[in-house]
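So the protein lines, in turn, are chains F and D.
This note's numbering runs 17 ahead of the 1-based position in the first sequence.
This note's numbering runs 16 ahead of the 1-based position in the second sequence.
All C-beta atoms, glycine included, are put in the ideal place defined by N, C-alpha and C.
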Amino acid sequence: MKHRHIIGCLLAGALCATPAMAQELTGTLKNIKDTGAITLGFRDSSIPFSYLDDSQKPVGYAMDICYKIVDAVKKELKLDKLEVKLNPVTSSTRIPLLANGTIDLECGSTTNNAERQKQIAYTNTHFLTASRYVSKKSSKINSIDDLKGKAVVSTSGTTNIKQLTEANAEKKLGANIIPAKDHAEAFLMVETDRAVAFVMDDILLASLVAGSKAPDDYVISKDAFSKPEPYGIMLRKDDPAFKKVVDAATSALYKGGEGQKIYDKWFTQKIPPKGLNLNSPMSAELKNQYAKPSDSPDPDAYK
Amino acid sequence: MNYNWNWSIFFEPAPGGTGTYFDMLLSGLWLTIQTGIFAWIIALIFGSIVGVLRTLPSKTAYWIGFAWVEFFRNMPLLVQLFLWFFVLPELLPRSWGLWLKQMPNAPFYTAAIGVGLFMSARVAVQLAAGIASLPRGQKQAATALGLTTFQGYRYVLLPIAFRIIMPPLTSEFLNTIKNTAVAITIGLIELTGQARSMQEFSFQVFEAFTAATVMYLLINIVVVTGMRFLERSLAIPGYITGK
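Written out as structure tokens, the structure reads:
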């Protein structure tokens, strides 16, 4: 009987193979091993975390960290060759594409908060940023109180617009809050005087200002709307084996000197495509985070 | 698929403190309806004028109509809204531009007028086609009765032409409502915008967009039913559109 022969072989194979394998692979790791490929999701304009350079290749701080994770996964699975596929994502598509298995890691600038952790998981925080505002020097907005009764823009659907709305109610600013579709458009509103200030993560403001026509015309506020909040690389929830590998890889990267080198490359030196320099040395909070990596969504955990 | 479904998300309070996520979507729906109706009124008025211009014997009138239609329908709507909102104020004298920029609700008016003008080109083409489909005798009969051109259009040609193009006008009305979704590009947080905000805050993408889809479907069903009712009540027995 041909069939019985095959089944016999399969059973024998399974029995023989079991002791050899340390443990059964599940979830993402199994998938990567089966297909010999891992897919990274990248953003097209999240400078300097994940964006396209002049040859349309995704580069950035988060991309570099993701490539280190890929190396660790390759080592863990003892693969000779691991193909890296790249897939563009936007803020609207990142969750569905992660959930349906199109991408395995989202390498960008996604804020890690408790509500979002109900849907996905994050590895160790790679950046911390507070909510501040940028305005034209000529409009002389020196503190949050100066925004009273003015038009203020922020990107719709971000944690920043939420903080702005709260501050507006709490401090009775009576500011007219304009939601914009994305960061570039929000900045354009300040550039064309439709709004006096743009509230956003300070690092993104720094990159927008650095890339603008007249960087000297703008000033980023000292006042902040929030404590520094963590950014994390997203992965699928309920996949402890994969998360363990990814966490171990990022933890080793940050604790060793290599993480600092990658940081300096993107935040304190000239970066492609226009040779901008963000001039943002590592903050005290992020130094703490590098010494003691964590994936906590709570800003207070990073003090 | 590794996705955490949570349909009760709609009843959870949304950040921003104005109510639940469902309230957020409803406020978006209301803005969509307002923008859609305002845009449709503009589309009908300008579309009718330009549509008539295209059928007049005058060469100048024809060319004005032609230029209008080609200008508005050959540029993507997204680009048009962007031009109206960001580029137009820069081209005006500085004080006018500032006045435009500081107008409250600027995205709403820009969106309604922008979508309205875009759709007016389509209404114009359909109306011109409707008028052209009338037998030539109609126009000649109007002239023979001693009616002026204006009267001929007002009492003879347009009443029939509008009845003929009622079914395509219904779909243009639906398109107008759906096209308002493009207005998020200039910061009008209507239904699609609210669905996007909801997914950013809660990460429940599929729930947010399912709800938005259902809401669009509901408005459009109401519009289709209403227009069909109108079509039937206006039908004249004996004409091609009547029974």
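Closer than 9 Å, CB to CB, is F:Asn117 near chain D or not?
Along the first sequence, read from residue 1 onward, the residue named residue 117 of chain F stands at position 100. Chain D, which has a Cβ nearer than 9 Å to the Cβ of F:Asn117, makes this yes.
In chain D, which residues lie with their C-beta within 8 Å of the C-beta of F:Asp255?
One-based indexing of the first sequence puts residue 255 of chain F at position 238. Neighbours of F:Asp255 on chain D, chain order: Asn18.
Can you give the beta carbon distance from F:Phe215 to F:Val170, rounded, assuming they're within the 8 Å contact cut?
Taking the first residue of the first sequence as 1, we reach residue 215 of chain F at position 198. Taking the first residue of the first sequence as 1, we reach residue 170 of chain F at position 153. Right, their Cβ atoms sit about 5 Å apart.
If we call anything under 9 Å between Cβ atoms a contact, is F:Ala201 one with F:Lys167?
The residue labelled residue 201 of chain F in the question sits at position 184 within the first sequence. The residue labelled residue 167 of chain F in the question sits at position 150 within the first sequence. No.
What residues of chain D sit near F:Arg133, judged by a beta carbon separation below 7 Å?
Within the first sequence, numbered from 1, the residue matching residue 133 of chain F stands at position 116. Within 7 Å Cβ-Cβ: Phe219.
Identify the residues that DSSP records as bridge partners of F:Val90: which are they?
Indexing the first sequence from 1 puts residue 90 of chain F at position 73. F:Val90 pairs with nothing; no bridge assigned.
State the start and end residues of the unbroken beta strand (DSSP E) segment that holds F:Ile237.
Locating residue 237 of chain F in the first sequence gives position 220, where the first residue counts as 1. For F:Ile237, the enclosing beta strand (DSSP E) stretches over residues 235 to 237.
Pull up the distance between the alpha-carbon of F:Ile120 and that of F:Leu96, whole angstroms please.
If you number the first sequence from 1, residue 120 of chain F lands on position 103. If you number the first sequence from 1, residue 96 of chain F lands on position 79. Looking at the two C-alpha atoms, the distance is approximately 20 Å.
Compute the Euclidean distance between the alpha carbons of F:Met38 and D:Tyr19, then round it to the nearest angstrom.
In the first sequence, residue 38 of chain F corresponds to position 21, counting from 1. In the second sequence, residue 19 of chain D corresponds to position 3, counting from 1. Note that F:Met38 has pLDDT 47, beneath the 50 cutoff, so the model's placement of it is unreliable and no number is given.
So, for F:Gln84: in the same chain, excluding its five sequence neighbours on each side, which residues have a beta-carbon less than 7 Å away from its beta-carbon?
Along the first sequence, read from residue 1 onward, the residue named residue 84 of chain F stands at position 67. Residue identity check: residue 84 of chain F is Tyr in the sequence provided, not Gln. Cβ within range, chain order: n/a, list empty.
According to the Cβ coordinates, are F:Leu42 and F:Val90 closer than 9 Å?
For the purposes of this step, residue 42 of chain F is taken as residue 25 along the first sequence, with counting starting at 1. For the purposes of this step, residue 90 of chain F is taken as residue 73 along the first sequence, with counting starting at 1. No; because the gap between Cβ atoms is not below 9 Å, this pair is not in contact.
Looking only at C-alpha atoms, which of F:Val236, F:Ser297, F:Lys102 sits nearest to F:Ser156?
Indexing the first sequence from 1 puts residue 156 of chain F at position 139. Among F:Val236, F:Ser297, F:Lys102, the Cα nearest to that of F:Ser156 belongs to F:Val236.
What residues in the stretch 195 to 210 of chain F have a beta carbon less than 8 Å from any beta carbon of chain D?
So the list reads Ile195, Pro196, Ala197, Lys198, Glu202, Leu205, Met206, Thr209, Asp210, given in the order they occur along the chain.
Against chain D, with Cβ distances strictly below 9 Å, would F:Met38 count as a contact?
Position 21 of the first sequence, counting from 1, holds the residue named residue 38 of chain F. At F:Met38 the pLDDT is 47, less than 50, meaning the model places this residue with poor confidence; the figure from the coordinates comes in the next sentence. Against chain D, the CB of F:Met38 has no partner CB under 9 Å away; the residue lies outside that interface.
D:Gln215 touches chain F at which residues, Cβ-Cβ below 8 Å?
Numbered from its first residue, the second sequence carries residue 215 of chain D at position 199. In chain order: Ser109, Ile112, Gly174.
Can you list, in chain order, the residues of its chain with a C-beta nearer than 8 Å to that of D:Leu190? Leave out the 5 residues immediately preceding and following it.
Here residue 190 of chain D refers to the residue found at position 174 when the second sequence is read from its first residue. Asn236, Val239, Val240, listed in sequence order.
What three-state label does DSSP hand F:Met18 in the structure shown?
Here residue 18 of chain F corresponds to residue number 1 of the first sequence, with the count starting at 1. Because F:Met18 sits at a pLDDT of 45, beneath the cut-off of 50, its placement in the model cannot be relied upon, and the following sentence gives the value as read from the coordinates. Correct three-state label for F:Met18: coil.
I need the DSSP call for D:Tyr169, collapsed to helix, strand or coil.
As a first step, residue 169 of chain D is located in the second sequence; it is residue number 153 there, counting from the start. In this structure, D:Tyr169 counts as helix in the three-state DSSP scheme.
When the Cβ atoms of the stretch 53 to 63 of chain D are set against those of the stretch 280 to 287 of chain F, are three or more pairs found closer than 8 Å?
no
Any beta carbon of chain F sitting closer than 9 Å to that of D:Asn236?
Along the second sequence, read from residue 1 onward, the residue named residue 236 of chain D stands at position 220. For D:Asn236, the answer is no, since every Cβ of chain F falls outside 9 Å of its Cβ.
With distances taken between CB atoms, is the gap from F:Glu302 to F:Pro245 smaller than 9 Å?
The sequence position of residue 302 of chain F within the first sequence is 285, counting from 1. The sequence position of residue 245 of chain F within the first sequence is 228, counting from 1. Yes. Within cutoff.
Residues of chain D with CB closer than 8 Å to the CB of F:Lys6, please, in chain order.
Any question about residue 6 of chain F goes unanswered here, given that chain F covers just 18 to 320.
Kindly indicate the opening and closing residues of the beta strand (DSSP E) around F:Phe215.
Numbered from its first residue, the first sequence carries residue 215 of chain F at position 198. Looking at the DSSP string, the run of the beta strand (DSSP E) that includes F:Phe215 is 214 to 218.
May I ask you to verify whether the stretch 104 to 124 of chain F touches the stretch 216 to 234 of chain F, counting CB pairs closer than 8 Å and requiring at least 3?
no
Note the first and the last residue of the continuous alpha helix (DSSP H) segment covering F:Thr182.
As a working note, residue 182 of chain F is residue 165 in the first sequence. Unbroken alpha helix (DSSP H) run through F:Thr182: 176 to 187.
Am I right that D:Thr196 and D:Val141 are in contact with their C-beta atoms under 8 Å? What's the rounded C-beta distance?
As a working mapping, residue 196 of chain D is identified with position 180 in the second sequence. As a working mapping, residue 141 of chain D is identified with position 125 in the second sequence. That pair is no contact at about 21 Å.
With a 10 Å radius around its C-beta and 16 neighbouring C-beta atoms as the bar for buried, classify F:Gly292 as buried or exposed.
Position 275 of the first sequence, counted from the first residue, corresponds to residue 292 of chain F. Exposed: under 16 other Cβ atoms inside 10 Å.
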